[in-house]
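Everything below concerns the one structure shown next.
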Amino acid sequence: MDGNNIGARIAGLRKEKGMTQAELAAVINISDKAISKWESAGSCPDIDVLIKLSDFFEVSLDYIIRGECMHQQKMFAGSPDAKITRINGLSLIDGINKYYLSRGWHVVKAEQNMSANDWWSVIIVIERNN
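So the sequence shown is numbered by the working numbering: it starts at 11 and just counts up by one.
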């Protein structure tokens, strides 16, 4: 991981939201000194913090880590016991759409298959609306 670029992307995302380092620190429950170190390439956030940043800024981990803007992503879920058709009472597609539609994504394709070792797998392709 290139700390210079990660820190620059974090700083850019923070500034786009008009936030100070202290404000971002309060949101993700970390010290503002840690954010200052990331932004000056003195260190890199750990994976748990990267996930929090990704969720908060509504960008992919790929964007934060590699700078690649993802317009399409694939998700995979598998279970050895049963078909995965519902999440929190919603159909799988409706549940994903409910979460991602409000963030500018939609489901393009969904496939459900049983693998050779009797695992049900669901592969979902989502795409960001332009």
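Quick reminder that beta carbons are idealized off the backbone N, C-alpha and C, glycines included.
Taking the straight line between their C-alpha atoms, what separation do you get for residue i and residue j?
i      : j      : result
Arg113 : Val69  : 10 Å
Asp72  : Ile16  : 10 Å
Ile38  : Lys27  : 14 Å
Phe67  : Asp56  : 16 Å
Arg24  : Asn123 : 41 Å
Gly77  : Met29  : 21 Å
Asp58  : Asp65  : 11 Å
Gly22  : Val118 : 30 Å
Glu49  : Ala18  : 6 Å
Beta-carbon separation of residue i and residue j under 7 Å?
i      : j      : result
Leu60  : Ile74  : yes
Asp10  : Ala32  : Nothing about residue 10 can be read from this structure; the chain reaches only from 11 to 140.
Ala120 : Ile136 : no
Ile20  : Ala35  : no
Put residue i into one of helix, strand or coil per three-state DSSP.
i      : result
Val141 : Nothing can be reported for residue 141, as the shown portion of the chain is limited to 11 through 140.
Asp134 : Position check: residue 134 holds Ile in this sequence, whereas Asp was assumed. Strand.
Lys15  : Residue 15 is actually Asn in this sequence, not Lys. Helix.
So, under 8 Å CB-CB, residue i and residue j are touching, yes? Tell me the CB distance rounded to an integer number of Å.
i      : j      : result
Ser53  : Lys62  : Incorrect: roughly 16 Å between the Cβ atoms, too far for contact.
Tyr110 : His116 : 7 Å
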